[in-house]
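By numbering that gives the first Met the number 0, the letter at position 140 of the sequence shown is numbered 139, and the numbering carries on one by one without gaps. Glycine included, C-beta positions come from ideal geometry on N, C-alpha and C. A quick write-up on the structure given underneath.
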Amino acid sequence: MRLRTLALVPALLLAWSGLVAGPVEARTPPGVAPPAVSAQRVQSAAVAPVQRAALRAHHRALPPGSGSGRRIVYTEQVPQHIWLVNADGRVERDFAASGRRDWPRTGVYHVFSKSAWGSNPGYGVTFRWMVRFTIGHTAAIGFHSIPRYRDGRPMQTLAQLGQAVGRGGCAHSADPDARYLYDWARIGTKVVVLR
């Protein structure tokens with residue numbers, strides 16, 4: 000009995016942290032409802048057409064030295080930005096993002112898991128469209144929508160996208176961009192982090 004308990008503790012810690020062993024695509028299990036979302040929250044999470052147009056107006060050229068092949072490129076240099084690059088080198092989509100200036104470290108990573116819903120109990124937030132590509136000090140790091148507190152308030156505004164306002168290490172983007180990245184990325188997709 001004691002052995003089972005000891006084996007269960009690391010498994011629970013691993014599950015709570017958002018870390019997984021191996022390439023796994025996480026989904027909400029059948030019969031389990033995703034986190035509750037109020038109508039007010041959904042409405043506030045929606046990006047108005049005018050805001051979408053403003054976000055699209057901030058296209059940037061792909062930085063030199065960002066690698067080759069199909070990949071996600073993320074620059075931590077302000078204004079922070081993400082590019083989704085096809086195998087032929089053509090930029091499929093690019094958009095503003097916000098994370099930390101110093102984390103994760105620059106380098107080449109690979110997507111190892113995805114979840115339509117995510118949370119960070121330490122910050123008391125939930126988010127959508129998580130695409131994990133590395134492990135941080137206490138949890139997985141990836142790309143996802145702007146986190147929302149329990150009362151529905153966003154951790155940051157759309158106007159702050161591009162600024163280094165992140166806390167944990169993930170890169171946040173507007174809901175439509177986070178969803179697009181989630182759908183576009185596959186397990187194993189290369190991620191290049193630049194400064």
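> How should Asn119 be labelled, buried or exposed, when 16 other C-beta atoms within 10 angstroms of its C-beta is the threshold for buried?
Replying inline: Residue 119 sits at position 120 when you count from the first residue of the sequence shown. Label assigned to Asn119: buried.
> Does the distance from the CB of Gly141 to the CB of Met129 come in under 9 Å?
Replying inline: For the purposes of this step, residue 141 is taken as the residue at position 142 of the sequence shown. For the purposes of this step, residue 129 is taken as the residue at position 130 of the sequence shown. Yes; because the gap between Cβ atoms is below 9 Å, this pair is in contact.
> DSSP on Pro153, reduced to helix/strand/coil?
Replying inline: Locating residue 153 in the sequence shown gives position 154, where the first residue counts as 1. Of the three classes helix, strand and coil, the one that applies to Pro153 here is strand, per DSSP.
> Expressed to the nearest angstrom, what Euclidean distance is found between the alpha-carbon atoms of Arg99 and Thr105?
Replying inline: Locating residue 99 in the sequence shown gives position 100, where the first residue counts as 1. Locating residue 105 in the sequence shown gives position 106, where the first residue counts as 1. Their backbone Cα atoms lie some 12 Å apart in a straight line.
>> Quick check on Ala201: does DSSP put it in helix, strand or coil?
In response: The structure shown does not extend to residue 201, since the chain is modelled only from 0 to 194, so the question has no answer here.
> In whole angstroms, what separates the C-alpha of Tyr181 from that of Ser112?
Replying inline: In the sequence shown, residue 181 corresponds to position 182, counting from 1. In the sequence shown, residue 112 corresponds to position 113, counting from 1. Roughly 10 Å separates the two Cα atoms.
>> Distance check for Ser97 and Trp183, CA to CA, integer angstroms please.
In response: As a working note, residue 183 is residue 184 in the sequence shown. As a working note, residue 97 is residue 98 in the sequence shown. Whole-angstrom Cα-Cα distance: 19 Å.
>> At the level of alpha carbons, what is the spacing between Asp101 and Ala86?
In response: Residue 101 sits at position 102 when you count from the first residue of the sequence shown. Residue 86 sits at position 87 when you count from the first residue of the sequence shown. So the two alpha carbons sit approximately 28 Å from each other.
> For the beta strand (DSSP E) that Arg92 lies in, which residues bound it at each end?
Replying inline: To locate residue 92, count along the sequence shown from 1; it is residue 93. Arg92 -> beta strand (DSSP E) spans 90 to 95.
> Which runs of the beta strand (DSSP E), 3 residues or longer, sit entirely within the region 70 to 144?
Replying inline: 70 to 74, 80 to 84, 90 to 95, 106 to 109, 112 to 119, 124 to 134, 139 to 144
>> Buried or exposed, going by whether 16 or more other CB atoms sit within 10 Å of the CB of Asn75?
In response: Here residue 75 corresponds to residue number 76 of the sequence shown, with the count starting at 1. The sequence given here has Glu at residue 75, not Asn. Glu75 comes out buried.
>> Buried or exposed for Ala95, going by 16 or more other Cβ atoms inside 10 Å?
In response: Here residue 95 refers to the residue found at position 96 of the sequence shown. Buried: at least 16 other Cβ atoms inside 10 Å.
> For Val190 versus Thr133, is the C-beta spacing smaller than 9 Å?
Replying inline: Locating residue 190 in the sequence shown gives position 191, counting from the first residue. Locating residue 133 in the sequence shown gives position 134, counting from the first residue. Yes. Within cutoff.
>> In whole angstroms, give me the CA-to-CA distance for Arg152 and Val124.
In response: Walking along the sequence shown from the start, residue 152 turns up at place 153. Walking along the sequence shown from the start, residue 124 turns up at place 125. Going from the Cα of Arg152 to the Cα of Val124 covers about 9 Å.
> By DSSP, does Ala177 sit in helix, in strand, or in coil?
Replying inline: As a first step, residue 177 must be located in the sequence shown, where it is residue number 178. Of the three classes helix, strand and coil, the one that applies to Ala177 here is helix, per DSSP.
>> Quick test of your reading: Val77 and Gln162, contact by CB under 8 Å. State the CB separation rounded to the nearest angstrom.
In response: Against the sequence shown, residue 77 aligns to sequence position 78. Against the sequence shown, residue 162 aligns to sequence position 163. The pair is a contact, with the Cβ atoms about 6 Å apart (cut-off 8 Å).
>> Going by C-alpha to C-alpha distance, which of Ala173, Ile145, His136, Arg70 sits closest to Val110?
In response: The sequence position of residue 110 within the sequence shown is 111, counting from 1. Comparing Cα-Cα distances from Val110 to each of Ala173, Ile145, His136, Arg70, the minimum goes to Arg70.
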